[in-house]
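Protein chains in written order, with this note's numbering: chain A, 20 to 383; chain B, 18 to 319.
Beta carbons are placed, not taken as given, at the ideal position from N, Cα and C, and that holds for glycine.
Quick caveat, the model's predicted, so the values are computed rather than measured.
Laid out in structure tokens, this is it:
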């Protein structure tokens, strides 16, 4: 990547014997909305704190805006952070909180006031400037934290699960606002979350992390459609996995025999499969077609029995038990006009899908 | 609040309230009543009079103490009052100055075995107050630890006489006696500070020092104020320490009250001195708190 805003080169972090981050290397582009996605304990927050300068990497190099950050303390970095707990200063008013970092900018008092006003307006907190922190709701605190960081005009805004404390409706609202805010201010956002849906909704690119490593960096679509390993496939969205043994390979395409659930053809996600490999043939629930009646098992086609149906309004979720598979196969069907339910629990059904929808994943 | 929960609340409070009434309110009321009586010979005249209070402010020739003129016919209580306030003030400043770094260390630097450190801090309290004061007599005395130590080192030939029986000895002893009381409230207020607030301050540009000034110090104020009052209020009226290590020059207002009650046999005047002392301390504490509140209010508006 040419002239990235952030470059991580073999960054490692250990806490005693525990290796929190293992050899992290990637770039983040200017103006990008970049998410670090992973379960708790995967190292995403540690990585964010290293970017902020709150933690120092044990090894490796971090460059922000072309400058190496080794030995640069948090207060001298061109980054600002929105903390998970918001960290609103309880002894200061909303206005004082937002203006906290402005004393270090070389600007006049009048300009500082104007910028604070602008930030208050940006996050829609007009009229609340004189309130103190404990008079604010969760959503308002979140906005104060955001405004307080943005008002310093950082080159990179770091957000540590800023929406996790909000209820669902407010969270979705704030997601939209964050996204449009990022487009307005044009600052690079690095966003930490464990919520894959949130990451998919907001991000330009996402790094999926597990066990202190980055598994895959891709666009939301890339991650969902072409996960490069089992962990990513299972973490992002729902994935049906059919264990199989490869019987034939043609370039990236592979044919595999399921035991005993049929024959599959699909595309290798990572390295090309070899004959004899034990793999998972992976299919997303919404790529599967479902039809009533027990059909013939064939290539990319299996027979099963509905074990449960959940009606979700816009779509229905079917769980179909297939002989030889431990977990039932999930099938998501949109409830389009004129389309009734396929069947009730206990009904025989046939599942089929296109081979372009099948990913061949190494069995980890 | 419903009637039921009000009643529960009152019944929960009542034992404490009864104890307070018996041990605090009743003696204060008795003291107030007594201060309006008068002493005549060995008897107490129970008719109402203001003459005890009048005596405290009766103009007269007076004395000059450290350049301050006390133009009263009976200037001793006034001089001792000002002296006690000054000595307590200095002792309190010393206590807060010593306790603050200890509390800070405990809250921010000690990670393991916090409980053990707190227990260590309370060890001086395992012996009685009297013994602790007495130990200073041994440390500072004519043949005490400091003098014999310095003589053994050959730094002095004769024991230093200015160590004991003066206001400085009283202030040292008071500061030592009260320091643990000050550490705990300050420690609690520091311990309560969310560490992410400090990280946020650094992130927003604060250096270690500015962060301390802008976040840590203001957030520790409730504990620091509590510690200040906790030390200042009881030390003003203390009479044990001045009696044991103060000598004639280290007398405080508490010593006078004790003497008026026991030796000079003028309990009504002693009561009046106590009441005035209480009112002055209350007024000072009120003024102190008002100033702090006022400063905060100004900050809010300005």
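Using a C-beta cut-off of 8 Å, the stretch 157-174 of chain A makes no contact with the stretch 227-235 of chain A, since fewer than three inter-stretch Cβ pairs fall below that distance.
When DSSP states are grouped into helix, strand and coil, residue 282 of chain A belongs to the strand group.
Between the beta-carbon of residue 341 of chain A and that of residue 362 of chain A there is about 15 Å, and that puts the pair past the 8 Å contact cut. Between the stretch 147-157 of chain B and the stretch 186-195 of chain B there are three or more inter-stretch CB-CB distances shorter than 8 Å, so the stretches are counted as touching. Look at residue 146 of chain B here: in three-state DSSP terms it is helix. Residues of the same chain with a CB within less than 8 Å of the CB of residue 139 of chain A, apart from the 5 flanking positions on each side, are 113, 114, 117, 145, 147, 148, 166 in chain order.
Fewer than three pairs of CB atoms, one per stretch, sit closer than 8 Å, so the stretch 167-177 of chain B makes no contact with the stretch 98-109 of chain B.
Listed as beta-bridge partners of residue 306 of chain A by DSSP are no residues whatsoever. Considering only beta carbons, no part of the stretch 166-191 of chain B lies closer than 9 Å to chain A. Residue pairing for residue 99 of chain A: DSSP places it in a beta bridge opposite A:176.
Relative to the Cα of residue 372 of chain A, the nearest Cα in the group A:355, A:350, A:360, A:366 belongs to A:350. Comparing C-alpha distances from residue 95 of chain A to each of A:105, A:106, A:50, A:120 shows the shortest one belongs to A:120. Taking C-beta separations shorter than 7 Å and ignoring five residues to either side along the sequence, the partners of residue 162 of chain B in its chain run 155, 156, following chain order. Residue pairing of residue 232 of chain A in beta bridges, as defined by DSSP: A:229.
In the three-state reduction of the DSSP assignment, residue 130 of chain B falls in the coil class, being assigned neither a helical nor a strand state. Each of B:181, B:103, B:63, B:52 was checked against the Cα of residue 262 of chain B, and the nearest Cα belongs to B:181. Under the three-state reduction of DSSP, residue 257 of chain B is assigned to helix. Listed in chain order, the non-local C-beta contacts of residue 146 of chain B below 8 Å within the same chain comprise 194, 257, local neighbours out to five positions each way being set aside. In this structure, A:97 is the residue among A:97, A:284, A:77 with its C-alpha nearest to the C-alpha of residue 85 of chain A. The three-state reading of DSSP puts residue 193 of chain B in helix, counting H, G and I together. With a minimum length of 3 residues, the unbroken runs of beta strand (DSSP E) contained wholly in the stretch 152-227 of chain A fall at 175-179, 207-212. Per the coordinates, the alpha-carbon of residue 105 of chain A lies some 10 Å from the alpha-carbon of residue 184 of chain A.
For the pair residue 79 of chain B and residue 92 of chain B, the CB atoms are nearer than the 8 Å cut-off. Where residue 325 of chain A is concerned, the enclosing beta strand (DSSP E) starts and stops at 320-330. Of the residues assessed, residue 313 of chain A falls on the exposed side of the cut-off, its CB having fewer than 16 other CB atoms within 10 angstroms.
The beta carbon of residue 283 of chain A sits no closer than 8 Å to any beta carbon of chain B. Residue 26 of chain B and residue 35 of chain B have their alpha carbons spaced roughly 14 Å apart. Proximity of residue 32 of chain B to chain A, defined by a Cβ-Cβ separation below 8 Å, is not satisfied.
The beta-carbon distance between residue 369 of chain A and residue 310 of chain A, rounded to whole angstroms, is 5 Å. This is short enough to meet the 8 Å contact definition. One Cα belongs to residue 209 of chain B, the other to residue 217 of chain B, and the distance between them is close to 16 Å. Annotated three-state conformation of residue 104 of chain A is coil, per DSSP.
In the three-state reduction of the DSSP assignment, residue 372 of chain A falls in the coil class, being assigned neither a helical nor a strand state.
Secondary structure within the stretch 161-186 of chain B: the alpha helix (DSSP H) runs of 4 or more consecutive residues, fully enclosed, are 162-169 (chain order). Interface annotation, residue 167 of chain A: in contact with chain B, CB-CB separation under 8 Å. Under the 8 Å criterion on CB atoms, residue 88 of chain A is classed as non-interfacial with respect to chain B. The stretch 78-93 of chain A makes no contact with the stretch 125-143 of chain A: fewer than 3 CB pairs, one atom from each, lie closer than 8 Å.
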